[in-house]
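Comments concern the structure below.
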Amino acid sequence: MLSVRPSGASLGAEVVGVDLSQDLDDTTFNRIVDLWHEHEVLFFRNQTLTPEQHVRFSRRFGELELHVRKDCCRPGFHELFVVSNIIIDGKPIGSQDAGLFWHSDLCYLKEPSRGSLFYAHEVPHDANGQALGDTQFASATTAYNSLTQDIQKRIEGRKAVQSYKKGYYRDRNAGPRKPLTPEQEARTPDVEHPIVRTHPYTGKKCLFINEGYTARIAGMENAEGDALLNQLIEHSTRQEFIYRHQWRVGDFLLWDNCSVQHQAVADYKLPLRRHMERTTLSGTAPF
Ligand code: SIN
Numbered sequence: 192m193l194s195v196r197p198s199g200a201s202l203g204a205e206v207v208g209v210d211l212s213q214d215l216d217d218t219t220f221n222r223i224v225d226l227w228h229e230h231e232v233l234f235f236r237n238q239t240l241t242p243e244q245h246v247r248f249s250r251r252f253g254e255l256e257l258h259v260r261k262d263c264c265r266p267g268f269h270e271l272f273v274v275s276n277i278i279i280d281g282k283p284i285g286s287q288d289a290g291l292f293w294h295s296d297l298c299y300l301k302e303p304s305r306g307s308l309f310y311a312h313e314v315p316h317d318a319n320g321q322a323l324g325d326t327q328f329a330s331a332t333t334a335y336n337s338l339t340q341d342i343q344k345r346i347e348g349r350k351a352v353q354s355y356k357k358g359y360y361r362d363r364n365a366g367p368r369k370p371l372t373p374e375q376e377a378r379t380p381d382v383e384h385p386i387v388r389t390h391p392y393t394g395k396k397c398l399f400i401n402e403g404y405t406a407r408i409a410g411m412e413n414a415e416g417d418a419l420l421n422q423l424i425e426h427s428t429r430q431e432f433i434y435r436h437q438w439r440v441g442d443f444l445l446w447d448n449c450s451v452q453h454q455a456v457a458d459y460k461l462p463l464r465r466h467m468e469r470t471t472l473s474g475t476a477p478f
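Residues in the sequence shown are numbered from 192 upward in steps of one, following this note's numbering.
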């Protein structure tokens with residue numbers, strides 16, 4: 192029997208009593224979707240999933256994205272983007288430095304992702320058994336609702352430029368990344384999206400900018416625009432909008448890429464290993 196335990200933060204809830212490796216009936220699946228829309232981040236503990244089951248459950252939500260960095264995907268599963276610091280025979284098994292800055296997955300596409308489904312294969316721990324490598328989630332709906340009316344008016348109808356290149360080439364712990372191939376460049380031109388986005392399922396307003404990929408406010412390429420963007424970025428990840436997830440092996444977590452932005456906490460390094468895998472749901476053009 193499915194039950195829900197809200198995290199106590201402004202977003203996030205645990206769902207208990209569901210085995211995601213099984214074929215869920217429509218009633219259970221639809222309840223999960225409703226809970227996800229309500230809580231924005233939803234997680235299930237103690238799951239045992241094969242890569243096929245991870246992909247199959249994700250497909251219940253719709254189409255999946257094939258990541259532009261194919262070399263970071265699980266061999267044979269272009270739908271499974273691997274986030275890991277593990278290196279085997281000199282080759283990283285996935286992206287070693289993904290998500291270390293606040294962002295929303297694929298916000299730089301014309302049709303950004305609807306949501307991501309993340310499965311914890313290996314979680315690092317310190318000498319006292321404390322889990323490391325948490326992920327923080329910030330509610331973009333709460334962030335929008337707590338803006339002053341004055342700021343809400345200033346950003347109404349405005350767009351921001353989302354740039355994959357800004358995120359890809361920024362400073363990273365794992366060192367500079369190799370240049371994008373012409374094909375990767377062609378798949379990721381800069382795009383403009385509304386700063387205030389309406390959630391396609393709940394109709395709620397979301398503050399759709401982030402530190403990682405938002406380059407500037409369209410039509411305000413000046414100091415005033417930069418100051419406004421910085422103010423919005425700072426506001427969007429205030430402590431009271433955040434749920435911080437401490438991972439356990441077997442956690443399966445869904446986040447909504449319209450109503451949530453997230454950041455991975457880099458407080459561990461090899462020989463402490465972290466291995467996570469993500470499917471990314473296709474989405475629709477923001478409005
Ligand atoms: C991501 O942004 O997809 C990675 C998040 C994480 O590693 O916690």
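Note that beta-carbon positions come from the ideal geometry of N, C-alpha and C, so glycine has one too.
Problem set entry | Assigned secondary structure, G366 (DSSP; H/G/I helix, E/B strand, else coil) | Along the sequence shown, read from residue 1 onward, the residue named residue 366 stands at position 175. When DSSP states are grouped into helix, strand and coil, G366 belongs to the coil group.
Exercise. G320 to G208, Cα distance in whole Å?
Worked result: Stepping through the sequence shown from its first residue, residue 320 is reached at position 129. Stepping through the sequence shown from its first residue, residue 208 is reached at position 17. A straight line joining the alpha-carbon of G320 with that of G208 spans about 26 Å.
Exercise. CB of D296 to nearest heavy atom of ligand 1: below 7 Å?
Worked result: Numbered from 1 along the sequence shown, position 105 holds the residue referred to as residue 296. A heavy atom of ligand 1 is found nearer than 7 Å to the CB of D296.
For this session: Using alpha carbons as the reference points, say which of L297, S304, W438, P391 lies closest to S473.
Result: Start at 1 with the first residue of the sequence shown, and residue 473 comes out as number 282. Taking only the C-alpha atoms, the option nearest S473 is S304.
For this session: Name the two residues that bound the continuous alpha helix (DSSP H) containing Y335.
Result: Along the sequence shown, one-based indexing puts residue 335 at 144. That run of the alpha helix (DSSP H) goes 331-336.
Exercise. Can at least three beta-carbon pairs, one atom from the segment 351-361 and one from the segment 404-420, be found at a separation below 8 Å?
Worked result: Yes: the two stretches touch, three or more of their Cβ pairs being nearer than 8 Å.
Exercise. Start and end of the beta strand (DSSP E) containing G306?
Worked result: Your numbering for residue 306 matches position 115 in the sequence shown. Residues 306-313.
For this session: Grab me the residues of G203's own chain with a C-beta within less than 8 Å of its C-beta, minus the 5 sequence neighbours each way, in chain order.
Result: Here the question's residue 203 lines up with position 12 in the sequence shown. So the qualifying residues of the chain are P197, H230, E231, V232, L233, F234, F328, Y434, H436.
Exercise. Grouping DSSP H, G and I as helix and E and B as strand, with all else coil, what is R378?
Worked result: Position 187 of the sequence shown, counted from the start, is the residue given in the question as residue 378. R378: helix per DSSP, three-state reduction.
For this session: Flag A289 as yes when its Cβ comes closer than 7 Å to any non-hydrogen atom of ligand 1, and as no otherwise.
Result: To locate residue 289, count along the sequence shown from 1; it is residue 98. Ligand 1 approaches A289 closely enough that one of its heavy atoms is under 7 Å from the residue's Cβ.
For this session: With DSSP as the reference, label T241 as helix, strand or coil.
Result: The residue you call residue 241 lines up with position 50 of the sequence shown. Looking at T241 - three-state DSSP - the assignment turns out to be coil, as it is neither helix nor strand.
For this session: Please find out if some non-hydrogen atom of ligand 1 comes closer than 7 Å to the beta-carbon of S307.
Result: Working through the sequence shown from its first residue, we reach residue 307 at position 116. The beta carbon of S307 sits closer than 7 Å to at least one heavy atom of ligand 1.
For this session: Classify D262 as buried or exposed, calling it buried when 16 or more other Cβ atoms lie within 10 Å of its own Cβ.
Result: One-based indexing of the sequence shown puts residue 262 at position 71. Burial call: exposed.
Exercise. What number of angstroms, rounded off, separates the C-alpha of Q340 from the C-alpha of P242?
Worked result: If you number the sequence shown from 1, residue 340 lands on position 149. If you number the sequence shown from 1, residue 242 lands on position 51. Each residue's alpha carbon lies about 46 Å from the other.
For this session: Leaving aside the five residues before and after G324 along the sequence, list all residues of the same chain whose C-beta is less than 6 Å from its C-beta, in chain order.
Result: Here residue 324 corresponds to residue number 133 of the sequence shown, with the count starting at 1. The answer, listed in chain order, is P315, Y459, R465.
For this session: Run the proximity test for R469: is its beta-carbon closer than 7 Å to any non-hydrogen atom belonging to ligand 1?
Result: On the sequence shown, position 278 is the one that residue 469 refers to. When distances are taken from the beta-carbon of R469 to the heavy atoms of ligand 1, the shortest one is below 7 Å.
Exercise. Assuming L240 contacts S212 under a Cβ cut-off of 8 Å, what Cβ separation, rounded to an integer in Å, is found between them?
Worked result: Counting from 1 along the sequence shown, the entry for residue 240 is found at position 49. Counting from 1 along the sequence shown, the entry for residue 212 is found at position 21. Confirmed, about 5 Å.
For this session: Could you tell me the boundaries of the beta strand (DSSP E) in which V207 lies?
Result: Position 16 of the sequence shown, counting from 1, holds the residue named residue 207. Under the DSSP assignment, V207 falls in the beta strand (DSSP E) whose first and last residues are 204-207.
For this session: Mark A318 as exposed unless 16 or more other C-beta atoms lie within 10 angstroms of its C-beta, in which case mark it buried.
Result: Position 127 of the sequence shown, counted from the start, is the residue given in the question as residue 318. By the neighbour-count rule (16 or more Cβ atoms within 10 Å), A318 is not buried but exposed.
Exercise. If you check the beta carbons only, do T379 and Y299 fall under 8 Å apart?
Worked result: Position 188 of the sequence shown holds residue 379. Position 108 of the sequence shown holds residue 299. Closer than 8 Å, so yes.
For this session: Tell me where the alpha helix (DSSP H) around H228 begins and ends.
Result: Mapped onto the sequence shown, residue 228 falls at position 37. Going by DSSP, H228 is part of the alpha helix (DSSP H) stretching over 217-230.
Problem set entry | Same chain, Cβ closer than 8 Å to R222, five either side skipped, listed in chain order | Walking along the sequence shown from the start, residue 222 turns up at place 31. Around R222: L193.
Problem set entry | Residue range of the unbroken beta strand (DSSP E) whose run includes A132 | For the chain, the structure presents residues 192 to 478; residue 132 sits outside this window and is missing.
Exercise. If you compare alpha carbons, which of S330, T389, A322 is closest to Q452?
Worked result: Here residue 452 refers to the residue found at position 261 when the sequence shown is read from its first residue. Of S330, T389, A322, the residue nearest in Cα terms is S330.
Problem set entry | Spatially closest choice to F272 from H312, E383, V195, R251, by CA coordinates | As a working note, residue 272 is residue 81 in the sequence shown. For the residues H312, E383, V195, R251, the minimum Cα distance to F272 belongs to H312.
For this session: Use the C-beta contact count for Q353: other C-beta atoms within 10 angstroms, 16 or more gives buried, fewer gives exposed.
Result: Translated into the one-based positions of the sequence shown, residue 353 becomes position 162. Taking every protein chain shown into account, the CB of Q353 has 16 or more other CB atoms within 10 angstroms, so this residue is buried.
Exercise. Do N401 and W227 have their C-beta atoms closer together than 8 Å?
Worked result: In the sequence shown, the residue the question calls residue 401 occupies position 210. In the sequence shown, the residue the question calls residue 227 occupies position 36. Going by C-beta atoms, N401 is not nearer than 8 Å to W227.
For this session: Starting from the C-beta of T389, find all residues in its chain whose C-beta is less than 7 Å away, skip the five residues before and the five after it, and write them out in chain order.
Result: Here residue 389 corresponds to residue number 198 of the sequence shown, with the count starting at 1. K396, F478, listed in sequence order.
Exercise. According to DSSP, what are the bridge partners of P197?
Worked result: If you number the sequence shown from 1, residue 197 lands on position 6. According to DSSP, P197 bridges with A204.
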